[in-house]
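**Student:**
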DNA sequence: TAGTTACTAATACGACTGTAAGATGAATCC
DNA sequence: GGATTCATCTTACAGTCGTATTAGTAACTA
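Residue numbers (our numbering), protein chains in the order written: chain Z, 85 to 290; chain F, 85 to 290.
1) Applying a beta-carbon distance threshold of less than 8 angstroms, which residues of chain Z neighbour residue 133(F)?
2) Helix, strand or coil, according to DSSP, for residue 219(Z) in the structure here?
3) By Cβ distance below 6 angstroms, which residues in the same chain neighbour residue 181(Z) in space, the five residues on each side in sequence not counted?
4) Taking the beta carbon of residue 145(F) as the centre, do at least 16 other beta carbons fall within 10 Å, making it buried, or is it exposed?
5) Work out the CA separation of residue 192(F) and residue 104(Z) for me, nearest whole Å.
6) Mind listing the chain Z neighbours of residue 169(F)? Cutoff is C-beta to C-beta under 7 angstroms, in chain order.
7) In whole angstroms, what separates the C-alpha of residue 199(Z) from that of residue 163(Z)?
8) Considering just the uninterrupted stretch of the alpha helix (DSSP H) at residue 252(F), what are its terminal residues?
9) Return no unless some Cβ of chain F is closer than 7 angstroms to the Cβ of residue 189(Z).
10) CB-CB under 7 angstroms to residue 242(F), same chain, minus the five flanking residues each way: which ones, in chain order?
11) Could you tell me whether the Cβ of residue 219(F) comes closer than 7 angstroms to any Cβ of chain Z?
12) So what does DSSP say about residue 111(Z), is it helix, strand or coil?
13) Note the first and the last residue of the continuous alpha helix (DSSP H) segment covering residue 147(F).
14) In chain F, what lies closer than 7 angstroms to residue 174(Z) by C-beta?
15) Hey, does residue 256(Z) have any beta-carbon neighbour from chain F nearer than 7 angstroms?
16) Would you list, in chain order, the members of the region 150–167 of chain Z that have their beta-carbon closer than 7 angstroms to a beta-carbon of chain F?
17) Can you say whether residue 293(Z) is buried or exposed, counting buried as having 16 or more other CB atoms within 10 angstroms of its CB?
18) How should residue 291(F) be labelled, buried or exposed, when 16 other C-beta atoms within 10 angstroms of its C-beta is the threshold for buried?
19) For the candidate residues 254(F), 168(F), 149(F), whose alpha-carbon lies nearest to that of residue 158(F)?
20) Cβ closer than 9 angstroms: which chain Z residues qualify as neighbours of residue 181(F)?
21) Give me the Cα-Cα distance between residue 111(Z) and residue 249(Z), rounded to the nearest whole angstrom.
22) Cutting at 6 angstroms between CB atoms, please list the residues of its own chain near residue 196(F), excluding the five before and the five after it.
23) Would a check of beta-carbon distances place residue 275(Z) closer than 7 angstroms to chain F?
24) DSSP three-state label for residue 172(Z), please.
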């Protein structure tokens, strides 16, 4: 039953390698087939169209990240595990450097492909919910289970800001060698967390 | 003397339109020629190779932004004109929305094209210098002319953070309809400026 | 055992690709 | 005026592209 999925998984993995080396423009049915060590006919068997193949690979990449984040333990010191989650989203080692570069290629392609744009929005929303939980956790606020808790506009704004910083940090770090990114990335993140996220919730002054 | 440049300029403009509609994968010599209303041979006359054409178009796009920013008056209230410059870098209207989407496509392509990566780094460096001047201006610090002024690591970190926030904001706003981006963008930027950039420079508390 | 399904491969086709090579006309220069 | 340069176009060639078709093999099913 999952044979098909395994096959698609293998091809998605190969596709990301092609994107990493040649960019998304280098993704062709034949290139992916060759990278995966199969014939073009096999690729066609799993994906009837090139667009479907790319879409699936983007979905798969997103799921990979999600799965990795799910493995981070969420007990003990709040500052500790939230920090670890955030660091896990930045391109601080060679693997995640490659992963983020590939993701960025997908996001850029999403600007002209509605199907990819949808997926991008979904992923972005999931991440925003994660950031929301992190901001609330670090401020000792109750984590809402449903959407019933009255929204705090201050928290919502800071969640969007955190997402911006994370996106922008990743975008800057991906231009660096990962050794340097590993040095400066955590410093900048920690600075932002202490300056904004962990700031005591004061009432709005005007 | 500038005839050639005018020709190249016209083609670069056409190329960005192609990228906006079809993505960078849709950029071919013939597509750009057709978009510019000339023959493919004309394109070849100005750019001997496709890569050179893309490279020039990216350069041209960067120069367009630079030129637009140079037009912002830099006198009067510091908070006012620095804010205007920053807002001018975000995709808050239809034109700059398109412009940023195109730029993002170039940046993603830069991951596998060394020549574009160079240009991306140069642009990023120029922007960082701009952000540095803005942070110093808003804090009433002297703006260094040369590099002789002793570097303040706190300021440098905040410059990198500001660049991250600007990059990340743009990345998020480009997914929104520009009408909504125009609403939420300035709010988030103002919040960040008051929380971090305009924060009184206190010594590090370790 | 016969039949059906999942998988892999090979081949073919028309469209599009980047690029090279000439041809034409207009403008510029000596 | 003759020569030269420049902008533009057309044509041509050798690839690669996505995709449809067909065929073969292995495995499960009844």
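Idealized CB from N, CA, C, for every residue including glycine. Please read all numbers here as calculations on a predicted model, not as lab measurements.
**Tutor:** Put simply:
1) Below the 8 angstroms Cβ cutoff, chain Z contributes no neighbours of residue 133(F), its closest Cβ being approximately 15 angstroms away.
2) In the structure shown, the three-state DSSP call for residue 219(Z) is helix.
3) Same-chain partners within the cutoff: 175, 262.
4) That one is buried.
5) When rounded, the distance between both Cα atoms is 11 angstroms.
6) Here the premise fails: no neighbours, minimum Cβ distance about 17 angstroms.
7) The alpha-carbon atoms of residue 199(Z) and residue 163(Z) are separated by roughly 37 angstroms.
8) Note, residue 252(F): alpha helix (DSSP H), 237–257.
9) So, interface residue.
10) Sequence-distant partners of residue 242(F) (beyond 5 residues in either direction) whose C-beta falls short of 7 angstroms from its own C-beta, in its chain, are 219, 280, 281.
11) It does not: the Cβ of residue 219(F) has no partner Cβ on chain Z nearer than 7 angstroms.
12) Note: residue 111(Z) maps to coil in three-state DSSP.
13) In the DSSP assignment, residue 147(F) falls within the alpha helix (DSSP H) that extends over 134–154.
14) Within chain F, no residue comes near residue 174(Z); the closest Cβ sits about 11 angstroms away, beyond 7 angstroms.
15) Under the Cβ criterion of 7 angstroms, residue 256(Z) is counted among the residues facing chain F.
16) Residues passing the 7 angstroms Cβ filter: none.
17) Since the first residue of chain Z shown is 85 and the last is 290, residue 293(Z) is not available in this structure.
18) What is shown of chain F runs 85 to 290, which leaves residue 291(F) out entirely.
19) For the residues 254(F), 168(F), 149(F), the minimum Cα distance to residue 158(F) belongs to 168(F).
20) Those within 9 angstroms of residue 181(F) in chain Z number zero; the least Cβ separation is about 10 angstroms.
21) Their Cα atoms are separated by approximately 30 angstroms.
22) Nothing listed; no residue qualifies.
23) Residue contact with chain F for residue 275(Z): present (Cβ-Cβ distance below 7 angstroms to some residue of chain F).
24) Of the three classes helix, strand and coil, the one that applies to residue 172(Z) here is helix, per DSSP.
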